[in-house]
Amino acid sequence: MMQFGVFTVGDVTADPTTGRTPSEGERIAAMLAIALKAEEVGLDVFATGEHHNPPFVPSSPTTMLGWIAARTERIVLSTATTLITTNDPVKIAEDYAMLQHLAGGRVDLMMGRGNTGPVYPWFGQDIRNGIPLAVENYALLHRLWREDVVDWQGRFRSPLQSFTSTPRPLDGVAPFVWHGSIRSPEIAEQAAYYGDGFFHNNIFWPSEHTAQMVNLYRERFEHYGHGSADQAIVGLGGQVFMRPRSQDAVQEFRPYFDVAPVYGHGPSLEEFTEMTPLTVGSPQQVIDRYAGMRDVVGDYQRQMFLIDHAGLPLSTVLEQIEILGTEVVPVLRRELAVGRPAHVPDAPTHARLVAAAGDRRDAPVHALADDVTGRSPVVVP
Amino acid sequence: MSTVHGPDARTAPSAVRHLVVVSGGVGQPSSTRLLADRMTGSAVASLAVVGLTAQVEVVDVRDLARDQTSMVLTGVPTPRLGEAFGVVAAADAVLLVTPIYSGSYPGMVKDFLDLLPPDALRGLPVLMGATAGTARHALALEHAVRPLLSHLGALVVPTGVFAATEDFGEVTGSTTADEVPLSVRISRAGTELAELVAQRAPRSPAADPFALTASFEELLRGQ
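Protein chains in written order, with my numbering: chain A, 1 to 381; chain B, 1001 to 1223.
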């Protein structure tokens, strides 16, 4: 089974058709409403970005996702992305393990580096160390979720002696991790090394580039012995705007596209839709376009849609989610299940990870240093 | 881009060199392109003298103007720009000819150079040329274009060819005259470029920027 969801950057952007800019409070409330709507219409995943600079509001993803967890029952809560470079991996381990318990396991994360230079020194880091930070911090995070007591020393963070990250992951199973990267082969390699998921946020990129990055990840996944290349766990970004009649979609979306942060005033809507996965048109056009994605990257596990940026009003965004949930995703689920080989894994969920681990394991840890040897005690399950 | 001339590479594969002409002229026809073509002719002839056959490709930056703006804003090359970058990546030598506005190269030319993949010009012989409406811009090549090319790591040919409008009126001259006529400067520049190219092996294919260069074990060890 594939998962379909929405991911939000959390930008505060003026609506170009009215000139009105929402307040931070309104934007945060809108993000929550989007998450609840996604659950209501049967989407599988809601993911929020993490940013520490205006005009973005989601600086504290686990706080937001915890609120959503309490008001939803089914949807998987994720990130797009969690900054593995500037966050302390110890705090990520703690925060997301706690969220995992609150959400009953409906949690995964997507690691990203962040591309805004000035943010790094605000957190004591340097963007020129982006890749080494991502490598070292994740290596620690990976251990903190899997080893009850960790001794550790690295280049970027103070050493840890007899450290236990609490709470331990729910059922003894670490949250699933995706590694998001657009153009860094090292990150595809990292995802492959650990057997984690690889998410290519291809919303600005032509399909040939996406195919190259995903294929690299698939080859290396097989190389590291996690399964065959077509069993690697792949996610893709996407971007859509839909109305029943395609010309209405184009007419309504164009003013938002033309001045959108990041690509506004650049390529035309027509050029951009040809070059990238952005699809503006009828639900059927979106179905046709996204049903073809597996021809580019092979059978994959997760498809996320960006639907709420560039100042689009909440009411419009909720309509888009409604169309996704009722008209587009049910058809894509059916079409992408056809011809999907049995050995291609379903999208990762907590239940599947627990099953793969054998069984759930609740592991209370009382890590007192042994004052004779100075070593941590062996934990008795 | 268009291949203007050059014999079939299959006849003498080892002696072929790729000369890429980047012309920043805006008009059509453009005096910058006119100068670029004359400099190309000189370079091709000089390469022939040292036994090298030039295959010439021309990138007219004006044709890429909108693609460049798109890439400045999105960070992603359009297919047309990707093709142009591929042409530069295969070059054994580059001839960069730009108009001079307000004492320097126009933004469109700077955009092209800014957007090239990192190190696209590093170690590459580059011959520079410029046109301007007045001879008072003559040193723009030295004050503006040469430092830019040096920053990009290019091996810049000593002679740069500057042509003001009035230079197009002169057809002959000699190096002993007070002012070296345009055709002599073009000829000298072509010779210098050919000598540089002749000293170097043909360019090996550019590395794929999205290829993996270190295994994860090496990354973990901080390599």
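Glycine residues also receive a C-beta, built at the ideal position from the N, C-alpha and C atoms. Note that the structure is predicted; figures quoted are calculated from it, not measured.
**Study point:** Residue-chain proximity (B/V1061, chain A), Cβ-Cβ < 7 Å
**Key:** no
Exercise for review: Scan the region 1088-1101 of chain B for residues whose Cβ lies nearer than 8 Å to a Cβ of chain A and list them as they occur along the chain.
Suggested key: none
Review point. Short check: CB of A/R242 to CB of A/G5, under 7 Å?
Key: According to the sequence as given, residue 242 of chain A is Met; it is not Arg. It is not a contact, given that the beta carbons lie outside the stated cut-off.
Exercise for review: Spell out the partners DSSP gives B/M1128 in its beta bridges.
Suggested key: B/L1096
Check your understanding: If you drop the 5 nearest sequence neighbours on each side, which residues of the same chain put their C-beta closer than 7 Å to that of B/V1156?
Key -> V1126, M1128, R1146, L1149, S1150
**Study point:** With 16 other Cβ atoms within 10 Å as the buried cut-off, status of A/T326
**Key:** exposed
**Study point:** Residue span of the alpha helix (DSSP H) that contains A/A249, given as start and end
**Key:** 246-258
Review point. Is A/A310 closer than 7 Å to A/Y263 when the C-beta atoms are compared?
Key: no
Review point. Residues in its own chain within less than 6 Å of A/Q3 by CB, not counting five upstream and five downstream?
Key: D44, V45, R302, A347
Review point. Under three-state DSSP, which class holds A/D151?
Key: strand
Review point. Helix or strand or just coil, what does DSSP make of B/S1104?
Key: strand
Check your understanding: How many Å lie between A/V297 and A/G358 at the Cα?
Key -> 31 Å
Practice item. Would you list the residues sitting across from A/Q3 in a DSSP beta bridge? Key: A/R302
Review point. Going by the CB atoms, is the gap between A/A14 and A/T21 shorter than 7 Å?
Key: yes
Point to revise | CB of A/L99 within 7 Å of CB of A/L140, strictly | key: no
Practice item. Quickly, what does DSSP pair A/Q239 with across the bridge? List them, please. Key: A/L306
Check your understanding: Mapping DSSP to helix, strand and coil, what is B/A1164?
Key -> strand
Exercise for review: State yes or no: is the beta carbon of A/D88 nearer than 7 Å to at least one beta carbon in chain B?
Suggested key: no
Review point. Taking the C-alpha atoms as reference points, what is the distance between A/T164 and A/V149?
Key: 5 Å
Review point. Could you check where the alpha helix (DSSP H) with A/Q285 kicks off and where it finishes?
Key: 283-291
Practice item. Under 8 Å between beta-carbons, which chain B residues line up against A/M275? List them in chain order, please. Key: V1076, T1078, P1079
Check your understanding: Across which residues does DSSP place A/F46 in a beta bridge pair?
Key -> A/V6, A/L77
Review point. Could you give the distance in angstroms between the alpha-carbon of A/I187 and the alpha-carbon of A/A47?
Key: 20 Å
Check your understanding: By Cβ distance below 6 Å, which residues in the same chain neighbour A/V240 in space, the five residues on each side in sequence not counted?
Key -> T279, V286, F305
Exercise for review: List the residues of chain A that B/A1211 touches, going by C-beta distances under 7 Å, in chain order.
Suggested key: P185
Point to revise | Rounded separation between A/E252 and A/H200 - CA only | key: 28 Å
Check your understanding: Do the CB positions of A/G212 and B/F1210 come within less than 7 Å of each other?
Key -> Sequence check: residue 212 of chain A is Gln here, not Gly. The answer is yes: Cβ separation under 7 Å.
Exercise for review: Assign B/E1217 to one of two classes, buried (16 or more other C-beta atoms within 10 Å of its C-beta) or exposed (fewer than that).
Suggested key: exposed
Point to revise | Closest residue to B/G1051 among B/V1180, B/S1023, B/S1042, B/V1016 (Cα-Cα distance) | key: B/V1016
**Study point:** Neighbourhood of A/P185 by C-beta, 8 Å cutoff - its chain only, sequence neighbours within 5 removed
**Key:** M213, L216
Practice item. Specify, as a first and last residue, the run of the alpha helix (DSSP H) that B/S1183 falls within. Key: 1182-1198
Review point. Among all the DSSP beta bridges, which residues are the ones paired with A/H200?
Key: A/L236
Exercise for review: Count the CB pairs spanning the region 1047-1062 of chain B and the region 1018-1035 of chain B that are closer than 8 Å, and state whether there are at least three.
Suggested key: yes
Review point. Closest to A/N53 by CA distance: which of A/A192, A/G197, A/I131, A/V119 is it?
Key: A/V119
Practice item. Take the Cβ of A/H265 as the centre, count every other Cβ of all protein chains shown within 10 Å, and call the residue buried at 16 or more, exposed below. Key: exposed
Check your understanding: Can you tell me whether A/E136 is buried or exposed, with buried defined as 16 or more other CB within 10 angstroms of its CB?
Key -> buried
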